[in-house]
Ligand code: NI
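In our numbering, the protein residues as written are 104 to 238.
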């Protein structure tokens with residue numbers, strides 16, 4: 104079904120409109136509408152993650168693969184949560200460092216907790232969970 108666009112009027116303080124227009128230019132949007140649409144989508148994604156429900160997330164982890172115990176734990180945790188792990192990609196960044204990108208799907212709270220568990224493992228140098236909605 105086509106999701107048709109509807110026009111509506113919004114009243115804003117002039118200073119806020121200037122801020123909006125500044126971001127339209129800075130982010131390279133074609134129009135105010137494009138930016139407002141994306142801002143609303145960002146808000147919906149954030150709310151979904153806060154309130155719980157089915158979401159998709161991308162967890163990026165950088166770690167040293169020489170730590171065999173860590174490599175085992177990373178794999179073991181992913182197997183324990185295989186329902187949530189859609190796929191993962193491993194890149195050998197250099198002699199020591201590996202980047203693992205894991206695409207997750209499931210309840211927002213479960214994914215947040217899994218991200219903290221994986222990212223918090225001793226030896227993980229950095230991790231970041233990108234919150235994407237399944238909308
Ligand atoms: Ni590697």
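Just so you know, even glycine gets a beta-carbon here, dropped at the ideal spot from N, CA and C.
- Bounds of the alpha helix (DSSP H) holding residue 124 are 117–129.
- Residue 236 places its beta carbon less than 8 Å from that of residue 159.
- Residue range 171–183 is occupied by the alpha helix (DSSP H) that includes residue 176.
- A distance criterion of 7 Å places the beta-carbon of residue 201 in contact range of the ligand NI, judged by its closest non-hydrogen atom.
- Relative to the ligand NI, the beta carbon of residue 182 is positioned no closer than 7 Å to any heavy atom.
- Sequence-distant partners of residue 196 (beyond 5 residues in either direction) whose C-beta falls short of 6 Å from its own C-beta, in its chain, are 202.
- The alpha-carbon of residue 170 is positioned some 17 Å away from that of residue 181.
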